[in-house]
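A.B. asks:
There are 2 protein chains.
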Amino acid sequence: MIERTYTSEITEAMDGETVSVAGHVHELRDLGGLVFVIVRDRDGLIQGVFKEDREPELFEQAEELGAEDVVRVTGEVTESGQAPGGVELVPEELEVIDEADAPLPLEISKDVDADLSTRLDHRGVDLRQPEVMAVFTLKSKLMDAMEEWFQNEGYVDVETPLISKGGAEGGAELFPVVYYEQEAFLSQSPQLYKQILMASGFDKIYEVGTAFRAEDFATSRHVSEISMFDVELSYIEDHHDVMDVQEESLRYALRAVADEAERELDELGVDLTVPEEDFPRITFDEALDILEAQFGHFPEDPTDLDTKGERLLGQHFEEQGHPAFFVVGYPGEKFYYMQDVEGDDIASRKFDLIYKGQELSSGGQRQHDVDVMKEVMAENDVPEENFEFYLEGLSYGTPPHGGYGLGIDRLVQKVCDLDNIKEAILFPRDPTRLTP
Amino acid sequence: MIERTYTSEITEAMDGETVSVAGHVHELRDLGGLVFVIVRDRDGLIQGVFKEDREPELFEQAEELGAEDVVRVTGEVTESGQAPGGVELVPEELEVIDEADAPLPLEISKDVDADLSTRLDHRGVDLRQPEVMAVFTLKSKLMDAMEEWFQNEGYVDVETPLISKGGAEGGAELFPVVYYEQEAFLSQSPQLYKQILMASGFDKIYEVGTAFRAEDFATSRHVSEISMFDVELSYIEDHHDVMDVQEESLRYALRAVADEAERELDELGVDLTVPEEDFPRITFDEALDILEAQFGHFPEDPTDLDTKGERLLGQHFEEQGHPAFFVVGYPGEKFYYMQDVEGDDIASRKFDLIYKGQELSSGGQRQHDVDVMKEVMAENDVPEENFEFYLEGLSYGTPPHGGYGLGIDRLVQKVCDLDNIKEAILFPRDPTRLTP
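Okay, here's the thing in structure tokens:
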């Protein structure tokens, strides 16, 4: 490896030591006889101070630099009240490793607000902005912690296929794939496979995967390719066991972000509250009551919450110190694979998690009785032959089970307070965006 | 949660305690007046002993059970020399949670060798076989350890898109997707995106992702959808830095399997050797010399190793105590994105890792000079316009970098000594298999 020290490792205590830093030229300030070269690596910035009278040859080299050139600066760490971070480098050597083209398609060091579409067109350059990169180093820490919780609890990390014959919820929002001579589609959800694995006895699983949604909408909430964190567990009493898992794992992951991503949160200007108290669990009817009483709002579809309803409920609970809460017991049931228990005090065992005013995940207890499932499929005109493998999978003894799918990008969007879900995805896909 | 104890937690020291176990009925042995009910959960088996004269009602219930019914047996832990694991349950309660259909499409408890195609047709049932499930609990542990190594080393966990405009290596093996009104393809490799992220300054990244290969071959080595572990790192001196990372991370992951997946290795009958010594790094020419001198073998394509060559070299090094080794310096260079350094002592900076006689990954130092890349693309008739986003991504200052993509399924196949790569995938996809 090329020898270097990360900017985050250089402290005032290293005063007098010689180090090498490597990174992009973030900013150049030429004050005549004095050039400040600010070098950026993944963790931060440091400035090299090139003086004409002190190091004339290096100074000349520094004057030739361009923004975003890749350089390695070797020099003596020197305390400086003026420098960002309290230290600067008095240069001894300057290597230009790779020259950048000019001009840049986007400004990086200045606070110029390019519109999102332009930023995404030049995403490779856009990602160099420290507050943009911070989203993704935070995302990495968040997801690693989330996985860690499930590993500690003995969950098996699985991978289910992305190309399949049919979808869980019909064909409208599916992307067709030309699969040799057959008709196939991209996966919208791993749910059917997760359930088969429960029947197989995998007991507790999670999957970090991709889901595809052919939704031709141009909103700040829609993308065609999303990252999902899917969970399924067996031998539950009911959906509350599933909510317990979701609640504890989310709390653990958010705690890890608060502890281990302080730099990123600072960069993003986010003051993250870890929801330490129990997440409220309200029924759908209670949700409607709150919306009516507090906000005079009535969702258009009386069997589901609308975006505005989620937002208002989010506001209501956030004011009470609860950034996250569950809504359970939706009336009716669209999906044949959800448990629907007669005489239950709630209408169904489906739940949604709402975090900072937006639905983050849906889940519930699943139907594990294949006979009931077949009845519900017939009632809803769902052709059984599309789901033969699924019905077979559950026919040979299936424990009671449930699970959920969490939208990772949406979670990151909410944690980082981003306006658009696309900002939480490295290279997002939408109806008009296939590149970069 | 339904209260229960995992079979793996029940030891002889618990003699006299009452526990509940929950799982599938793995086997029933009716000896007349005595029924052994062997219950299987994810971790193992335990037998309940139902005696007509001791517990007549429970005995009657037990006689009604069928294979793979889901049950919960509550009873007293009792030491028994005859029982597998040294303990059995004297039942106090038997709950049938879900009845299985009969007959089963595959035998589970008996050593019947169904052919692989039949097993995969009924994969949900096939996965219940302890030695089949062991592959996937081992795979989970292996991959978690692999990720852990990279997390400990400060790598950022990233996700790159699976749907894109073009592919890295041309269109022949790509699956087309109907993407709204546009032509698109499924990703064959995240390499171009990984490189853009290096240019952006992400420094060190890894991705656990999916790659799609439209290869219409029916072999034990080909599948259409594979899991990849991709790595990319910046500020390397050369490809040896990349090999160092691959070597250390693989050793770490294999050590974790040896330590934490003993039960699975036993179940699979595998004696895993962790390659503690340095992996040999031989040049392509040295590889040819060994093949000629030791085996009289000449690969058909004089610029690449064939399957037989890999196998023979694997045998050669395995005999010397090296299950893993690198081949570096392939002559010529097919790919424009590899570094090709004049006057180097090796022909190129590409390498392959061969493990137990099979190529597990390819990698190398990448070309980071866009001008050289454009020349090579022109020489090889690669149309630049397909790669505009890539060339732009690398134009604004790119550190020297390299990386590799490791085939996860192939690694698991080799670790578990499986004949066919499909056995290392939960629900494999091939030209004729789209379901389950």
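Going down the list, the protein sequences come from chains D and E. Just so we're aligned: the first sequence equals residues 823 to 1258 in my numbering. Just so we're aligned: the second sequence equals residues 823 to 1258 in my numbering. Glycine is no exception: its CB is placed at the ideal position from the N, C-alpha and C atoms. In this text the structure is predicted, and so the values were computed from the model without any measurement.
Considering only residues of the stretch 1047-1101 of chain D, which uninterrupted beta strand (DSSP E) runs meet the minimum length of 3 residues and lie entirely inside it, listed in chain order?
C.D. replies: Qualifying beta strand (DSSP E) stretches, in chain order: 1047-1056.
A.B. asks: If you count every other CB in all the chains shown that lies within 10 Å of the CB of R1171(D), and 16 or more means buried, which is it?
C.D. replies: Buried, because 16 or more other Cβ atoms sit within 10 Å of the Cβ of R1171(D).
A.B. asks: Is L984(D) near the ligand ATP - that is, is its Cβ less than 7 angstroms away from at least one heavy atom of it?
C.D. replies: Summarising the ligand content, the structure contains no ligands, and the ligand ATP is consequently not present.
A.B. asks: I'd like to know if the stretch 903-912 of chain D and the stretch 861-873 of chain D are in contact, where contact means that at least 3 CB-CB pairs between them fall below 8 angstroms.
C.D. replies: yes
A.B. asks: I want to see whether chain D comes within less than 8 angstroms of L926(E), judged by CB atoms only; does it?
C.D. replies: yes
A.B. asks: Per DSSP, Q794(E) forms a beta bridge with which residues?
C.D. replies: No answer is possible for residue 794(E): it lies beyond the span of chain E, which begins at 823 and ends at 1258.
A.B. asks: Use the C-beta contact count for P1205(D): other C-beta atoms within 10 angstroms, 16 or more gives buried, fewer gives exposed.
C.D. replies: exposed
A.B. asks: Closer than 8 angstroms, CB to CB, is M1195(D) near chain E or not?
C.D. replies: no
A.B. asks: Per DSSP, which residues does G888(E) bridge with? Please list them.
C.D. replies: G888(E) pairs with nothing; no bridge assigned.
A.B. asks: Grouping DSSP H, G and I as helix and E and B as strand, with all else coil, what is F1024(D)?
C.D. replies: coil
A.B. asks: Quick one: what's R826(E) bridged to in DSSP?
C.D. replies: Answer is none; R826(E) lacks a bridge partner.
A.B. asks: Please classify G1165(D) as buried or exposed, where buried requires at least 16 neighbouring CB atoms within 10 angstroms.
C.D. replies: Bear in mind that the predicted position of G1165(D) carries a pLDDT of just 47, short of 50, making it too unreliable to give a figure here.
A.B. asks: Going along chain D, which residues have a C-beta under 8 angstroms from L1256(E)?
C.D. replies: I985, S986, K987, Y1001, Q1004 and A1006
A.B. asks: Would you call G1118(D) buried or exposed, if buried means 16 or more other Cβ atoms sit within 10 Å of its Cβ?
C.D. replies: exposed
A.B. asks: Quick one: measure Cβ to Cβ for E834(E) and E877(E), integer angstroms, because I've assumed they're closer than 8 angstroms.
C.D. replies: Between E877(E) and E834(E) the Cβ distance is about 23 angstroms, and since that is not below 8 angstroms, they are no contact.
A.B. asks: Could you run through the stretch 1019-1046 of chain D and flag, in chain order, every residue whose CB is less than 9 angstroms away from some CB of chain E?
C.D. replies: L1019, A1021, S1022, G1023, F1024, D1025, K1026, I1027, V1030, G1031, T1032, F1034, A1036, D1038 and S1046
A.B. asks: Quick one: complete beta strand (DSSP E) runs, 3+ long, within the stretch 1099-1125 of chain E?
C.D. replies: 1103-1105
A.B. asks: Going by the DSSP bridge assignment, what does V912(E) pair with across the sheet?
C.D. replies: E898(E)
A.B. asks: Count the other C-beta atoms from every protein chain shown that fall within 10 angstroms of the C-beta of L1008(D), then say buried if there are 16 or more, exposed otherwise.
C.D. replies: buried
A.B. asks: Spatial neighbours of A924(D) within its chain, please: C-beta separation below 6 angstroms, excluding the five flanking residues on both sides.
C.D. replies: G888
A.B. asks: By Cβ distance below 6 angstroms, which residues in the same chain neighbour R1255(D) in space, the five residues on each side in sequence not counted?
C.D. replies: none
A.B. asks: If the criterion is Cβ atoms closer than 8 angstroms, does the pair F1211(E) and T1125(D) meet it?
C.D. replies: no
A.B. asks: With a threshold of 8 angstroms between beta carbons, is H846(E) in contact with chain D?
C.D. replies: yes
A.B. asks: Among the candidates T1129(D), D1107(D), A1115(D) and I1176(D), whose CA atom is the shortest distance from the CA of Y1152(D)?
C.D. replies: D1107(D)
A.B. asks: Please list the partners that T982(E) has in chain D, where partner means a Cβ-to-Cβ separation under 7 angstroms.
C.D. replies: What T982(E) touches in chain D, judged by beta-carbon distance under 7 angstroms, is L1248 and F1249, going in chain order.
A.B. asks: Starting from K1172(D), follow its DSSP beta bridges and name the residues at the other end.
C.D. replies: G1186(D)
A.B. asks: For F1147(D), report the span of its alpha helix (DSSP H) as first-last.
C.D. replies: Here F1147(D) belongs to no alpha helix (DSSP H); instead the beta strand (DSSP E) covers A1146 to V1150.
A.B. asks: How should T959(E) be labelled, buried or exposed, when 16 other C-beta atoms within 10 angstroms of its C-beta is the threshold for buried?
C.D. replies: buried
A.B. asks: Does chain D have any CB closer than 8 angstroms to the CB of V1198(E)?
C.D. replies: no
A.B. asks: Per the DSSP calculation, P998(E) is bridged to which residue(s)?
C.D. replies: F1007(E)
A.B. asks: By the 10 Å Cβ neighbour count, where 16 or more other Cβ atoms means buried, how is D863(D) classified, buried or exposed?
C.D. replies: buried
A.B. asks: Which chain D residues are close to F997(E), counting only those with a beta carbon under 7 angstroms from its beta carbon?
C.D. replies: Result: V999, V1000 and Y1001.
A.B. asks: Is there a Cβ from chain E that is less than 8 angstroms from the Cβ of Y1074(D)?
C.D. replies: no
A.B. asks: Which stretch, first to last residue, makes up the beta strand (DSSP E) that contains K873(E)?
C.D. replies: G866 to K873
A.B. asks: With which residues is Y1218(D) paired in a DSSP beta bridge?
C.D. replies: The partner list for Y1218(D) (beta bridge, DSSP) reads A922(E).
A.B. asks: Just to confirm, are V980(D) and L1090(E) a CB contact at a threshold of 8 angstroms?
C.D. replies: no
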